[in-house]
Amino acid sequence: VTTHDGTVASGQTLTVNGSTNTSAINWDGSAETDGTFSMTGGSANDTLKGGGGADTISGAAGNDFLYGTSGNDLLLGGAGNDELSGGDGADTVSGGAGNDLLRAGANDDFLYGGDGSDTLSGGAGSDSLSGGAGNDVLSGGSGFDTLAGGAGNDTFTGSASDFNGDTISDFAVGDSIVVTGKDLSALNGTTASGTIDISGSVATTLTGITSGSGTFNAAFAGGNTTITLVAPPTGGGGGAPSGGGTVVVTDSTPTESTGGGRTITNNGPTAGTAAIVENTGNNSNVVTATLPSGMSITSQGPATAQTPMDAAASLLQAVEGRASLSQDLLISGARTFLNKLASTTLLDVRTIVPTTTSSTVSDPIVITGTSAADGSTQSEAFVIDLRSLPSGRTLQLDNIEFASVMGSATVTGGSGDNFVEGDDDSQFISLGVGDDTLFGGDGDDTVGSGDGNDELNGDGGNDRVFGGIGNDTVNGGSGNDVLLGNEGDDVLVGGLGRDVGAFSVKYQASFGWVQRYDGAISAEGDDRLESGVEILTFSDNRVMLTVDKMSGAASFNEAEYLAQNTDVADAVSAGLFSSGREHYEQHGQAEGRFSSADMTFDESYYLEMNSDVAEAVAFGEIASGRVHFEQHGQAEGRDPTPLFDSAFYLAENIDVAEAVSASVFDSAYEHYQLRGAQEGRAASQYFDTAKYLSEYTDVAESGMNALDHYLKYGIYEGRAGFVSDDPLV
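In case it helps, the numbering used here puts the sequence shown at residues 763 to 1491.
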């Protein structure tokens, strides 16, 4: 065992390579303001121990031991046969794959076994235990606990007092209740019911069990009583279908999640509707599904509505159960949604999986909940897996508060405040009236909302993200994104990549130049720019490059600035400023003055797009991004500004691509500087050289490179660039 000792500063990451050794790591959070850490193990057998804060500890592969200590911790076992102990605090403990041992502490904890045959032990609080797949053993301990075995033949065990006031939400044929130290054989042969007196005090609730479920078998041996359920000879389905189609509803024992299961099949020639959720304890809320002909849909989840704290177990397990490549991102979104809910909210949690016999179904699947306007205080949280359907399937969600959507799909909706997240497939998510929160996930997505004050996120991939009426936050995430705020006072957040803010009004010179970070523009409203929106486009296909102060300062030309601004030169001579650059940073940029080389090289953009260079600059291996570009980057085909796109230039100019391939030119940018600009070739889809020279004849007459003129002077003179043949916006 290799031990480690050291200090990790705020914002830093410590990586311990445990691939060849078993690692033991203890965290001391006393020097941290909140004592909160995030730890991830490797492929070896790790021992990870948290501190006093709300820690996130992930074992990953290997047979790991995770201990949360105090604080409200999140423990994730991952693959392997793990042992996880929450310690003090209200903890969330998930075993993952493997045969795991999970222990709760003194507070109200959530334990999820996941795959494998797991052992879950509650503590002194009112805990929620969910076994997941496999033959699991669950012991609630003291407190009023909620136990769900999940798929498999599960065992619920404890003393008679341990079962006092507990709820077993999915007791079924094949499961066992083992009561230690008490003879309950008098229950043998009695008709099954939804309550059973084990402790002699507060009855134990068996959710979903009725007199029609069969009889109890109770056998006393070795000082313990084992209670099982014996099913009646036959069973039947249920439901109340309606609509134009012939819809068959079948209730069944779940196979993947906890609680009740229902399958709806439309065998008719037209669309049909039936209830997909009819839980108890949910204010009589009913959720319906309208299916096209030839479509089936399964719904599985707890048969009783849950509070947000209880629903965390079910929702996390539902996401994990679908094994999406975007599982971590989807789980994070689910936790965000749950954390925003009032404690009095009641949730119906469901895993919904549609299937079809047709490869060309075009009609939408419509899932409809009950709105607050109808008097409902009920909410839905659905994990919807569309991956077995044809790509691009349309899903309409009306009054569904949360949906985690897997698979390539078009997701639409009407009213209601919705929280929808996508996985790594390419999706189109566009909802209507209401304050929506949407996440596209990885993949090239289109994400937007028509009305309300929305939070819209493209996440990974090259996304198109649009707001509507209302004050929206439009966030592209990583990738080359197009952002549209539309009406209202919006916030546009670019993130990593070459990002474009698109406006449906004509360009006006009065817009002036716009700061890239914490900038503002009054076009369709009073909009604000944050975090790297490099390019702005307008309805007349004109283009504006946003200005970054760091990039301008990095390219500052002292002599030319003083020559062009004699008042500043006089002030420097009088000792009022140490240099022209000092004046420019304090006053000149805000006054609209410019340095001749302001944006010809965009330092911040270059470092953003080239993380290897940014790292080299940070470690002092090279002076700046500009130095790297001049010495290496240009020959390597890297772009110095958002308005030059090497990939576009080579794709549009096959002769140049061949010349670069034959080493006639080092790069696309070198060709543009030496010949392309004079030949009127477009620098990118966002800068058409010929159009710029045609619009500004003085620039054409000067013989100056059009792109250099715009980046050096045109931005500050109220001139605009031009989109090349309107390719994207």
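We put the CB at the ideal spot given by N, CA and C, even for glycine.
On a predicted model such as this, the values are computed, not experimentally measured, just so you know.
**Prompt:** Do the CB positions of residue 1259 and residue 1237 come within less than 7 Å of each other?
**Reply:** With respect to residue 1237, residue 1259 sits apart: the two C-beta atoms are not nearer than 7 Å.
**Asked** Which two residues bound the contiguous alpha helix (DSSP H) that contains residue 1454?
**Response** 1451-1457
**Prompt:** Do residue 887 and residue 875 come within 7 Å of each other at the CB atom, strictly closer than that value?
**Reply:** No.
**Message:** Which same chain residues end up closer than 6 Å to residue 1201 when comparing Cβ atoms and leaving out the 5 residues on each side of it in sequence?
**Reply:** 1095, 1183, 1219, 1221
**Prompt:** Is DSSP giving residue 1006 helix, strand or coil here?
**Reply:** The predicted position of residue 1006 is uncertain, since its pLDDT is 47 and thus under 50; no value can be drawn from it.
**Asked** Skipping 5 residues on each side, what residues in its chain have a beta carbon closer than 7 Å to that of residue 816?
**Response** The residues are 798, 833, 834, 835.
**Request:** Work out the CA separation of residue 1090 and residue 1156 for me, nearest whole Å.
**Result:** 25 Å
**Item:** Own chain partners of residue 1058 with C-beta closer than 8 Å, once the 5 adjacent residues on each side are dropped
**Value:** 1025, 1026, 1027, 1028, 1116, 1117, 1118
**Asked** When you compare each of 1266, 822, 914, 861 to residue 936 by their alpha carbons, which one comes out closest?
**Response** Cα-wise, what sits closest to residue 936 is 914.
**Opposing strand residues paired with residue 1292 [DSSP bridges]** = Residue 1292 is bridged by DSSP to 1255.
**Asked** Just to confirm, are residue 954 and residue 976 a CB contact at a threshold of 7 Å?
**Response** yes
**Message:** residue 1324 and residue 1350 - do their beta-carbons sit closer together than 7 Å?
**Reply:** no
**Top-ranked residue by Cα proximity to residue 1352, from 1309, 1340, 930** = Of 1309, 1340, 930, the residue nearest in Cα terms is 1309.
**Asked** Considering only the beta carbon of each residue, do residue 961 and residue 910 sit closer than 7 Å?
**Response** no
**Prompt:** When the Cα of residue 1168 is compared with those of 1149, 1179, 1070, 1181, which residue comes out closest?
**Reply:** Of 1149, 1179, 1070, 1181, the residue nearest in Cα terms is 1149.
**Request:** Decide if residue 1416 is buried, meaning its Cβ has at least 16 other Cβ atoms within 10 Å, or exposed.
**Result:** exposed
**Message:** Determine whether the beta carbon atoms of residue 1254 and residue 1209 lie at a separation below 7 Å.
**Reply:** No, the pair does not count as a contact, with Cβ atoms beyond the cut-off.
**Message:** Beta-carbon within less than 6 Å of residue 1256's beta-carbon, same chain only, minus the 5 sequence neighbours each way: which residues are those?
**Reply:** 1238, 1293, 1294, 1295
**Item:** Helix, strand or coil at residue 1267 [DSSP, three-state]
**Value:** coil
**Message:** Looking at the strands, I want to know which residues DSSP matches up with residue 1183.
**Reply:** 1166, 1201
**Asked** From 1229, 1299, 1273, 1233, pick the residue whose C-alpha is nearest to that of residue 1261; which is it?
**Response** 1299
**Contact set for residue 1455: own chain, Cβ-Cβ below 8 Å, skip 5 residues either direction** = 1442, 1461, 1462, 1468
**Close-in-space but distant-in-sequence residues of the same chain around residue 863 (CB under 6 Å, 5 per side omitted)** = Sequence-distant partners of residue 863 (beyond 5 residues in either direction) whose C-beta falls short of 6 Å from its own C-beta, in its chain, are 845, 881.
**Request:** Within 10 angstroms of the Cβ of residue 994, are there 16 or more other Cβ atoms? Answer buried if so, exposed if not.
**Result:** Burial state of residue 994 is exposed, judged by a 10 Å Cβ sphere holding fewer than 16 other Cβ atoms.
**Message:** Helix, strand or coil, according to DSSP, for residue 1070 in the structure here?
**Reply:** It is helical.
**Request:** For residue 1035, count neighbouring C-beta atoms within 10 Å of its own C-beta (all shown protein chains included) and say buried if the count is 16 or more, exposed if not.
**Result:** buried
**Beta-carbon spacing of residue 1391, residue 1404 below 7 Å** = no
**Asked** By Cβ distance, which residues of its chain are closer than 8 Å to residue 1225, with the 5 residues on each side in sequence left out?
**Response** 1202, 1206, 1207, 1208, 1209, 1238, 1239, 1241, 1243, 1244
**Request:** Select from 867, 970, 992 the residue whose C-alpha is nearest the C-alpha of residue 979.
**Result:** 992
**Request:** Please state if the CB of residue 1410 and the CB of residue 1447 are separated by a distance shorter than 7 Å.
**Result:** Yes, the Cβ-Cβ distance between residue 1447 and residue 1410 is below 7 Å.
**Request:** Have a look at residue 1495 and residue 1192 and give me their C-alpha separation to the nearest angstrom.
**Result:** The requested residue 1495 is not part of the displayed model; the chain covers only 763 to 1491.
**Message:** Strictly by DSSP, which residues pair up with residue 1493?
**Reply:** Nothing can be reported for residue 1493: it is not among the residues displayed for the chain, which extend from 763 to 1491.
**Request:** To the nearest angstrom, report how far apart residue 1120 and residue 1013 are at their CA atoms.
**Result:** Looking at the two C-alpha atoms, the distance is approximately 24 Å.
**Prompt:** Does DSSP put residue 1417 in a helix, a strand or coil?
**Reply:** helix
**Asked** So, helix, strand or coil for residue 1371, using DSSP?
**Response** DSSP places residue 1371 in helix when its eight states are reduced to three.
**Item:** Residue ranges of each alpha helix (DSSP H) within the stretch 1080-1117, 4 or longer
**Value:** Taken in chain order, the whole alpha helix (DSSP H) runs of length 4 or more contained in the stretch 1080-1117 are 1089-1101.
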